[in-house]
Amino acid sequence: MLFGAPGSGKGTTGKMLTKLTGWPHLATGDLLREQIARKTPLGLEMQSILASGQLAPDDLVSRMVWDRLGWPDCASGFLLDGFPRTIPQAEGLATWFQGREFRPVLVHLWVEYNEILRRLTGRRTCPTCGAIYQIDSNPPQNPGRCDHDGAALTTREDDKEEVVLQRLQTYQSQTWPVAETLKRFEIQVEAIDCGELDPEGVADRIVTRLERIGGKLKKGIGSTSAR
Ligand code: AP5
Ligand code: MG
Numbered sequence: 057m058l059f060g061a062p063g064s065g066k067g068t069t070g071k072m073l074t075k076l077t078g079w080p081h082l083a084t085g086d087l088l089r090e091q092i093a094r095k096t097p098l099g100l101e102m103q104s105i106l107a108s109g110q111l112a113p114d115d116l117v118s119r120m121v122w123d124r125l126g127w128p129d130c131a132s133g134f135l136l137d138g139f140p141r142t143i144p145q146a147e148g149l150a151t152w153f154q155g156r157e158f159r160p161v162l163v164h165l166w167v168e169y170n171e172i173l174r175r176l177t178g179r180r181t182c183p184t185c186g187a188i189y190q191i192d193s194n195p196p197q198n199p200g201r202c203d204h205d206g207a208a209l210t211t212r213e214d215d216k217e218e219v220v221l222q223r224l225q226t227y228q229s230q231t232w233p234v235a236e237t238l239k240r241f242e243i244q245v246e247a248i249d250c251g252e253l254d255p256e257g258v259a260d261r262i263v264t265r266l267e268r269i270g271g272k273l274k275k276g277i278g279s280t281s282a283r
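Below is the structure:
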């Protein structure tokens, strides 16, 4: 479970870890934005909630996750990004894990407040393949165009400054207690200080920690340095 404030790097790191481990990257924010882009009834309902920086209803998001976790590609491991995000979601997930053969770990990505604001105001994403850029620290080769498919990059609706502030507030009030809730269920929590690290460094540090806990990861690709 990749856990952390908006802009802490859950999506960026999740994509890298998927390549390293072979585990699918299940990001609830991406799943909801996909519904919005497809203009499904659910997407139309969710549009204003996401644009305001509030959270989608617990039962709806949880059902989406339980359904996705039943797919065969999750059988030997998965990366959750942005879930659980409230105490009821955390309790639901802890219950889901009971009696199943997984070793769940919450990976808490720590990033300073000012760095979060810097990152989110310069984030750009590819609407076609989902690649994530930052105009200063991780710019595309051709300005405004995705390196992978050349699509025009977009700014997320909820990256406007006032919405970012609301998302950070929502994080503090509703999401922050999730780590403590999971500890009560004896789920391991690993804090990763991401302050000075580039995305590769963050992924590398996570792999090192996970291998310390559970042995070699699926694809057998270990970290390049011990931390
Ligand atoms: P979601 O899409 O999950 O948004 P979020 O949690 O606010 O997180 P972000 O996606 O903004 O940031 P990130 O941590 O993925 O960072 P990223 O890798 O992009 O959720 C959106 C909305 O959906 C919610 O507000 C809510 O409404 C709804 N929702 C989702 N899940 C829900 C749930 N469970 N329950 C209810 N509602 C839910 O990186 C950010 C930037 O930093 C990028 O530009 C990147 O290039 C850059 N960057 C990343 N890592 C580094 C690094 N190490 N160094 C320098 N730059 C970096
Ligand atoms: Mg994300």
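Each residue of the sequence shown is one higher than the one before, counting from 57 in my numbering.
From the three backbone atoms N, C-alpha and C, an ideal C-beta is built for every residue, glycine too.
On a predicted model such as this, the values are computed, not experimentally measured, just so you know.
Express the C-alpha separation of residue j and residue i in angstroms, rounding to a whole number.
i      : j      : result
THR210 : GLY155 : 42 Å
HIS204 : LYS216 : 26 Å
THR280 : THR96  : Below a pLDDT of 50, predicted positions are generally treated as unreliable, and THR280, at 39, falls in that range; the measurement from the model is reported next regardless. One C-alpha to the other measures close to 43 Å.
GLN197 : HIS81  : 25 Å
TYR227 : ALA207 : 31 Å
GLY276 : PRO144 : Legend: pLDDT at GLY276 = 47, less than 50; position of this residue unreliable, no value from coordinates given.
ARG124 : ASP249 : 30 Å
TYR189 : ARG180 : 5 Å
VAL161 : PHE153 : 11 Å
GLY148 : PRO199 : 43 Å
GLU267 : CYS202 : 33 Å
GLY63  : ARG141 : 15 Å
PRO113 : SER193 : 34 Å
GLU157 : GLU218 : 42 Å
CYS130 : TRP122 : 11 Å
ASP214 : GLY257 : 27 Å
LEU233 : ALA150 : Strictly speaking, residue 233 in this sequence is Pro, with Leu absent from that position. If I take the Cα positions, the gap works out to 14 Å.
What whole-angstrom Cβ distance do residue i and residue j have, given they're in contact under 8 Å?
i      : j      : result
GLY99  : GLN110 : With a Cβ gap of about 16 Å, GLY99 and GLN110 do not count as contacting.
ALA259 : VAL245 : With a Cβ gap of about 18 Å, ALA259 and VAL245 do not count as contacting.
GLY33  : THR74  : As shown, the chain starts at 57 and ends at 283. That puts residue 33 outside it, with no answer to give.
MET72  : LEU136 : Between LEU136 and MET72 the Cβ distance is about 15 Å, and since that is not below 8 Å, they are no contact.
ILE172 : ALA61  : 6 Å
GLY65  : LEU165 : 5 Å
VAL163 : ILE262 : 6 Å
THR84  : PHE139 : 5 Å
Mapping the DSSP letters down to three states, classify residue i as helix, strand or coil.
i      : result
GLN167 : Here the sequence assigns Val to residue 167, which means Gln is not the residue at that position. Coil, per DSSP.
GLY99  : helix
ILE277 : With a pLDDT of only 46 at ILE277, under the threshold of 50, the placement of this residue in the model should not be trusted; the figure read from the coordinates follows. If DSSP states are grouped into helix, strand and coil, ILE277 belongs with coil.
THR74  : helix
ILE188 : strand
GLY65  : coil
ARG212 : coil
GLU147 : helix
GLN225 : helix
THR142 : coil
LEU111 : coil
GLU252 : coil
ARG283 : Confidence at ARG283 is low in this model, with a pLDDT of 30, below 50, so its placement is unreliable and no value can be given for it.
Starting from residue i, trace the alpha helix (DSSP H) in both directions and tell me its first and last residue.
i      : result
ARG89  : 84 to 93
ASP123 : 114 to 125
ILE248 : Per DSSP, ILE248 belongs to no alpha helix (DSSP H); it is in the beta strand (DSSP E), 244 to 249.
THR264 : 255 to 270
For residue i, which beta-bridge partners are listed by DSSP?
i      : result
HIS81  : LEU135
LEU58  : ASP137, VAL163
ASN194 : GLN190
THR181 : ILE188, THR210
ARG201 : ALA208
What first and last residue would you give for the beta strand (DSSP E) that runs through residue i?
i      : result
GLU157 : Neither: GLU157 is in no beta strand (DSSP E) and is coded neither H nor E.
THR237 : Run containing THR237: none in the beta strand (DSSP E); it sits in the alpha helix (DSSP H), 234 to 240.
Hey, is residue i close to ligand 4, as in C-beta under 7 Å from one of its heavy atoms?
i      : result
ASP115 : Because ligand 4 does not appear in the structure shown, any question about it cannot be addressed here, the ligands present being ligand 1 and ligand 2.
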